[in-house]
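These notes are about the structure you will find just below.
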Amino acid sequence: MTPHPRPHTALVVLAIILIGINLRPAFSSVSPLLADIRLSLGLSSSTAGLLTTLPVALLGLFAPIASWLAKRYGVEKLLAPLLLLLAAGLAIRGIWNTTSLFVGTSMAGISIGLLGILLPSVIKREFPQHPDLMTGVYTMALCLGTALAAGLAVPLLHTVGSLPLALALWSLPALVTAWLWWPLRRLGDPPVSGAQQTNSISLLRDATAWQVTLFMAAQSALAYCVFGWLPTILQDRGITAADSGLLLSASVMMQVISALLVPWLCSLMRNQKIMNQLMFIVIYIGLMGAIYAPIEQAWSWMVLLGLGQGGGFAMALTMIVLRTRTPAQAAQLSAMSQGLGYILASLGPLLMGFMHEASGHWHDAGWLITAIVLVGLYHGSRAGAQRFVLEN
Numbered sequence: 068m069t070p071h072p073r074p075h076t077a078l079v080v081l082a083i084i085l086i087g088i089n090l091r092p093a094f095s096s097v098s099p100l101l102a103d104i105r106l107s108l109g110l111s112s113s114t115a116g117l118l119t120t121l122p123v124a125l126l127g128l129f130a131p132i133a134s135w136l137a138k139r140y141g142v143e144k145l146l147a148p149l150l151l152l153l154a155a156g157l158a159i160r161g162i163w164n165t166t167s168l169f170v171g172t173s174m175a176g177i178s179i180g181l182l183g184i185l186l187p188s189v190i191k192r193e194f195p196q197h198p199d200l201m202t203g204v205y206t207m208a209l210c211l212g213t214a215l216a217a218g219l220a221v222p223l224l225h226t227v228g229s230l231p232l233a234l235a236l237w238s239l240p241a242l243v244t245a246w247l248w249w250p251l252r253r254l255g256d257p258p259v260s261g262a263q264q265t266n267s268i269s270l271l272r273d274a275t276a277w278q279v280t281l282f283m284a285a286q287s288a289l290a291y292c293v294f295g296w297l298p299t300i301l302q303d304r305g306i307t308a309a310d311s312g313l314l315l316s317a318s319v320m321m322q323v324i325s326a327l328l329v330p331w332l333c334s335l336m337r338n339q340k341i342m343n344q345l346m347f348i349v350i351y352i353g354l355m356g357a358i359y360a361p362i363e364q365a366w367s368w369m370v371l372l373g374l375g376q377g378g379g380f381a382m383a384l385t386m387i388v389l390r391t392r393t394p395a396q397a398a399q400l401s402a403m404s405q406g407l408g409y410i411l412a413s414l415g416p417l418l419m420g421f422m423h424e425a426s427g428h429w430h431d432a433g434w435l436i437t438a439i440v441l442v443g444l445y446h447g448s449r450a451g452a453q454r455f456v457l458e459n
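According to this note's numbering, the residues represented by the sequence shown are 68 to 459, in order.
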């Protein structure tokens, strides 16, 4: 039966957009400044790698409690408190020592993980006819927030003249979003009947659920390698910190285009196999070009990389809503694919940091990237088949 329209749908759309904007500045505001942070606090490459890896791992570790919290309190009641936790974590980064930097980053990672897990079930419930298109809108907002943080990180540092303050100021957008959503926290979710509930243990035994999870893991690993290390790689190749931030920002702005376009194109296709694989191929070409091609061509490769990553992330989220039949299933698959997926993805930037510390250069990064892409190509094809979890 088609759900009746709910009076607060427009507000849900606004919430999804605003929350999406806040879900990546915690990462992309750090990467252009990572060399300065390492110098200021005396961090090694491996420790700096942990700074980019820790929040990604926490996204996964705290994913299992997202569905429990949603059932107990309702998604709407959780949004504002989680945004306040995000703002607090970002603000704590301004207390300038290694401990506060990691504690604040951890708090931000936990809240981002929970928010990201909860939103696909909202999309599935509120937009049952076109969940893929609304997923594209959410992804577009997420990319916009990423691009703004990457592009403004260095100019903001130059403006305020303080590295701790430049990092802490990213708490303000989260505070504003929490304030806007706070009056709506009493809007409750519709009850989930026992027939609609999905056993998460069953999903762990389901092949389709694992294919969606590993597809999410592979594209996320590449994304966080880019957020964590690509600006540093570009700086080591002779590009200034400001220009590396602009390059990352331009790349992410390209993600806005593909995040909207790719899900729409997939809505016209019989399945998503080819599109999932195509996104990994585009990511691979763009990333390898940015790392190894003549540095004068960096802008071209970063644009290509952005188009691939925006489409890839949108497809990973779209798989969650297309491979499930109910909002309850979407919540469970979201928790599994993002939970386990982000834990696996966190190994990407961590290994990249270890490889750099061991060798002193970035020449071997291509081997790691190639291995991740091969995993993504296989599981992207499998996840793109037209079927549903718990039905094969």
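Where is the CB? At the ideal position from N, CA and C, for every residue including glycine.
LEU85 and THR244 do touch by the CB rule: their CB atoms are close to 4 angstroms apart, below 8 angstroms. Leaving aside the five residues that flank ALA175 on each side, the residues in its chain whose CB is nearer than 7 angstroms to its CB run, in chain order, ALA93, PRO122, LEU153, GLY156, LEU157.
Shown here, PRO187 sits in a helix according to DSSP, grouped into three states.
Taking C-beta atoms as the reference points, THR202 and LEU384 count as a pair closer than 8 angstroms. When the Cα atoms are used, SER98 and GLN396 turn out to be separated by approximately 35 angstroms. Boundaries of the alpha helix (DSSP H) harbouring VAL243: 238-248, taken from the DSSP string.
Short of 7 angstroms from the beta carbon of LYS340, and not among the five residues preceding or following it, lie these beta carbons of its own chain, in chain order: SER448, GLY451, ALA452.
For GLY420 and ALA130, the gap between their C-alpha atoms comes out near 25 angstroms. One thing to note: VAL329 has its Cβ within 8 angstroms of the Cβ of MET382. Taken through DSSP and simplified to helix, strand or coil, PHE455 comes out as coil. For LEU335, the secondary structure class from DSSP, reduced to helix, strand or coil, is coil. Segment contact: the region 429-440 against the region 314-330, fewer than three CB-CB distances shorter than 8 angstroms; contact not assigned. Remark: C-beta atoms of LEU90 and LEU209 approach each other more closely than 8 angstroms. Burial state of GLN364 is exposed, judged by a 10 Å Cβ sphere holding fewer than 16 other Cβ atoms. With distances taken between CA atoms, GLY415 lies nearest to THR119 out of THR119, LEU242, LEU101.
The beta-carbon distance between GLY373 and SER318, rounded to whole angstroms, is 4 angstroms. This is short enough to meet the 8 angstroms contact definition.
Taking the Cβ atoms as the reference, ALA137 lies roughly 7 angstroms from SER188, within the contact range of under 8 angstroms.
Under a 10 Å Cβ-count criterion, THR226 is classified as exposed, with fewer than 16 other Cβ atoms of the shown protein chains found around its own Cβ. Per DSSP, PHE129 is not a residue of any alpha helix (DSSP H), being assigned neither H nor E. At least 8 angstroms separates the beta-carbon of THR307 from that of ARG390.
Using a Cβ distance threshold of 8 angstroms, VAL279 and LEU100 do not count as a contacting pair.
Of the other Cβ atoms in all chains shown, 16 or more fall within 10 Å of the Cβ of GLN344; this residue is therefore buried.
LEU313 sits in a helix when the DSSP states are folded into three classes.
Judged by DSSP in its simplified three-state form, PHE380 adopts helix. Within the same chain, Cβ atoms closer than 6 angstroms to the Cβ of LEU223 are found at ALA233, the five residues on either side in sequence being excluded.
The continuous alpha helix (DSSP H) containing PRO298 extends over residues 274-303.
Residue nearest to LEU117 within the set TRP429, TRP163, LEU418 is LEU418 (criterion: CA-CA distance). CYS333 and PHE347 have their C-alpha atoms spaced approximately 15 angstroms apart. As the crow flies, the alpha-carbon of THR76 is around 39 angstroms from that of TRP368. Our two residues, LEU400 and LEU457, have alpha carbons roughly 11 angstroms apart in a direct line. When only Cα atoms are considered, ALA124 and LEU335 end up about 35 angstroms apart.
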